[in-house]
Amino acid sequence: MRGGDDNTVGEARRLRLSLKLLADVGLVGLPNAGKSTLLRRISAARPRVAPYPFTTLVPALGVAEALGRRFVVADIPGLIEGASEGAGLGDRFLRHVERTRVLVHLVDVGGGRLEGRDPLSDYAAVRTELEAYDPQLLSRIEIIALSKLDLVPDPAELEPLERALRSQGREVVRISSATGEGVEALLHAVVRALERAPRESLPVPSQAPAPA
Ligand SMILES: Nc1nc2c(ncn2[C@@H]2O[C@H](COP(=O)(O)OP(=O)(O)O)[C@@H](O)[C@H]2O)c(=O)[nH]1
Ligand SMILES: [Mg+2]
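Number 1434 marks the last residue of the sequence shown (the working numbering); no jumps.
Structure representation (structure tokens):
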């Protein structure tokens, strides 16, 4: 652009701005694991729920409360969906997980089992995806929620799976977002985890976020 007689030349710049949501807790898991349903159960957020992938294209945030503490929970969509479709959506959503202090990793032990899925390999697949995005995510405090408990005919069957996951040093909770069973226990585990997760362990952003 020319600025009149003094021949000043303006500058054109292309900026790519990205929004990083700030949440205390990130819900991760394969598509259909029950993340959006859980968020609806524990908060006033109304993310879409449907039995097919790509339902959630925008991460939803909700405020949950337990033991007198309030915390922000983000439903992180796009894990695996994006990667397996080659759409690169995994990355687009995973950046929202970077600054969460605690992960809740949902593993479907009800519906998935009916489709012949193996919960341990589902779990491992998501961990692999997290690692590919940022290896530091593997050391973030993670609580495993075995979901859709209401679809498990004999919950005693879950014991070997729980032992295997606990032997990896993880806390494991059984939940059903349909009946509410175990959900309060999960929230208590989250509050305890948030208490041990120091805010200082977060990477310091290069610029302070703008006030909301
Ligand atoms: N029976 C049962 N179905 C569930 C439960 N949680 C989620 N679902 C169903 O599983 C499907 C996928 O749930 P959704 O929350 O959309 O999964 P997301 O892709 O991880 O967000 C939907 O049909 C839900 O109604 C649960 O606790 N019990
Ligand atoms: Mg969803």
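C-beta atoms are modelled at their ideal positions from N, C-alpha and C, and glycine is treated no differently. Note that the coordinates shown come from a computational prediction; the quantities given were computed from them, not determined experimentally.
Item: Distance CB(Ala1209)-CB(Ala1267) smaller than 8 Å; Value: Since the first residue of the chain shown is 1223 and the last is 1434, residue 1209 is not available in this structure.
Item: Helix, strand or coil at Arg1421 [DSSP, three-state]; Value: helix
Item: Spatial neighbours of Tyr1345 in its chain, beta-carbon cut-off 8 Å, leaving aside the 5 residues before and after; Value: His1327, Val1329, Ile1366 and Leu1387
Item: Given Ile1264 as reference, the closest of Val1394, His1410, Leu1239 and Val1319 once Cα atoms are compared; Value: His1410
Item: Ligand 1 heavy atom lying under 7 Å from the CB of Thr1230; Value: no
Item: Collapsed DSSP secondary structure at Met1223 in the structure displayed; Value: With a pLDDT of only 48 at Met1223, under the threshold of 50, the placement of this residue in the model should not be trusted; the figure read from the coordinates follows. In this structure, Met1223 counts as coil in the three-state DSSP scheme.
Item: With 16 other Cβ atoms within 10 Å as the buried cut-off, status of Thr1322; Value: buried
Item: Close-in-space but distant-in-sequence residues of the same chain around Arg1291 (CB under 6 Å, 5 per side omitted); Value: Val1413
Item: Nearest neighbour of Leu1371, chosen from Gly1256, Leu1342 and Arg1236 [CA to CA]; Value: Gly1256
Item: Three-state secondary structure (DSSP) of Leu1244; Value: coil
Item: Spatially closest choice to Ile1397 from Phe1293, Arg1421 and Glu1384, by CA coordinates; Value: Glu1384
Item: beta-carbon Pro1375 near ligand 2 non-hydrogen atom, thresh 7 Å; Value: no
Item: Bridge partner(s) assigned by DSSP for Glu1351; Value: Bridge partners of Glu1351: none, in fact.
Item: DSSP-derived helix/strand/coil call for Gly1251; Value: strand
Item: Distance between Ala1288 and Glu1403 (C-alpha atoms, nearest Å); Value: 15 Å
Item: Distance, Glu1379 Cα to Gly1332 Cα; Value: 11 Å
Item: Ser1398 beta carbon near ligand 1 (any heavy atom closer than 7 Å); Value: yes
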